[in-house]
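Participant:
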Amino acid sequence: MRRALGAALLLVVALATPGCSADDDAGPRLRVLAAASLSSTFEDLAAEFERTHEGVDVQLSFGGSSDLVAQVQEGAPADVIATADVATMDRLVAEGLTDGDPHLFATNVLQVAVPAGNPAGVRGLADLDAGSDADLVVCAPEVPCGAAAARLAEVAGVRLSPVSEEQSVTDVLGKVVSGEADAGLVYVTDVIAAGDAVEGIAVPEADRVVNDYPVAALADSEEPALAQEFVDLVLGPAGREALGAAGFGAP
């Protein structure tokens, strides 16, 4: 009895001792920050990475590229980041926060998204000019999709007057899907991902306003080898196949 009691006490002490928690038995974590427009594609790539790297837990965080960059600048733990334009990534490069140079891996262009059935009868960007009765939603100018929307309007000679400016392209899409907006400027990949919930209207000038997507491992990564391997996955055949299926263009 005494021996059994002693063993039980040792077990309790071991479980209570710092460094002996169940978390210590967990495998490495890879924290990946990615632009909201990459959600479905990176979820697929994360699953593939976990399949080929037993025990690795890929933790994804999606949002507006500017918000993600700000998180890294403020010291949030992260291993890999993928943004929806080069200018946003360059802020990290300028501060030495990337592990080497970023790599371009995809391109994207904007489309007008309208709710299923197109209740407002929007035919193109010209129907969204200031003074239009249609409620337009776009991304805020500080995020890549918003900067692209402003450039597209300039190239097309249209003056937009949105009723709302959102911090991510998925927020814009959400307002279109819910019917809160008659139209939104989103990426073509978002229109594809939304399926029958929205209709996409191509803008002829969109090919003159192309967003290049860069990816980089981060200098303060706790898993630098795994971070580089994830970047390699994005750049490799599996990444190109997943991105192409989602509607992204090649860099």
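Residue numbering for the sequence shown follows this note's numbering, beginning at 17 and increasing consecutively. Here a beta-carbon is modelled for each residue, glycine too, at the ideal position from N, C-alpha and C. All figures in this text were calculated on a predicted structure; none of them were measured in a lab.
1. Are the beta-carbon atoms belonging to Arg-209 and Ser-81 less than 8 angstroms from one another?
2. Report the partner residues of Cys-155 according to the DSSP bridge assignment.
3. For Glu-215, which of helix, strand or coil comes out of DSSP?
4. Check whether the Cβ atoms of Ala-63 and Leu-76 sit closer than 8 angstroms, and answer yes or no.
5. How is Val-96 classed by DSSP in three states: helix, strand or coil?
6. Nearest to Ala-266 by alpha carbon, out of Asp-228, Pro-118 and His-69?
7. Could you tell me the alpha carbon to alpha carbon distance between Leu-189 and Ala-243, rounded to whole angstroms?
8. Beta-carbon separation of Leu-108 and Val-85 under 8 angstroms?
9. Quick check on DSSP: helix, strand or coil for Gly-22?
10. I need the boundaries of the beta strand (DSSP E) containing Ser-53, first residue and last residue.
Facilitator: Checking against the coordinates, here is how it stands:
1. Sequence index remark: in the sequence shown, residue 209 carries index 193 (1-based). Sequence index remark: in the sequence shown, residue 81 carries index 65 (1-based). The residue asked about is misnamed: residue 209 is Ala in this sequence, not Arg. For Ala-209 and Ser-81, no; Cβs fall outside 8 angstroms.
2. The sequence position of residue 155 within the sequence shown is 139, counting from 1. Paired residue(s): Glu-182.
3. Here residue 215 corresponds to residue number 199 of the sequence shown, with the count starting at 1. Correct three-state label for Glu-215: strand.
4. Position 47 of the sequence shown holds residue 63. Position 60 of the sequence shown holds residue 76. Not closer than 8 angstroms, so no.
5. The residue you call residue 96 lines up with position 80 of the sequence shown. In the structure shown, Val-96 falls within a strand segment according to DSSP collapsed to helix, strand and coil.
6. If you number the sequence shown from 1, residue 266 lands on position 250. The candidate whose alpha carbon is nearest that of Ala-266 is Asp-228.
7. The residue labelled residue 189 in the question sits at position 173 within the sequence shown. The residue labelled residue 243 in the question sits at position 227 within the sequence shown. Answer to the nearest angstrom: the Cα atoms are 30 angstroms apart.
8. Counting from one through the sequence shown, the residue named residue 108 turns up at place 92. Counting from one through the sequence shown, the residue named residue 85 turns up at place 69. Contact: yes.
9. Numbered from its first residue, the sequence shown carries residue 22 at position 6. Residue confidence is low: Gly-22 scores 41 on pLDDT, short of 50, so the model does not pin down where it sits. Its coordinate-derived value is still stated next. Helix, per DSSP.
10. For the purposes of this step, residue 53 is taken as residue 37 along the sequence shown, with counting starting at 1. No beta strand (DSSP E) contains Ser-53, which DSSP labels as neither H nor E.
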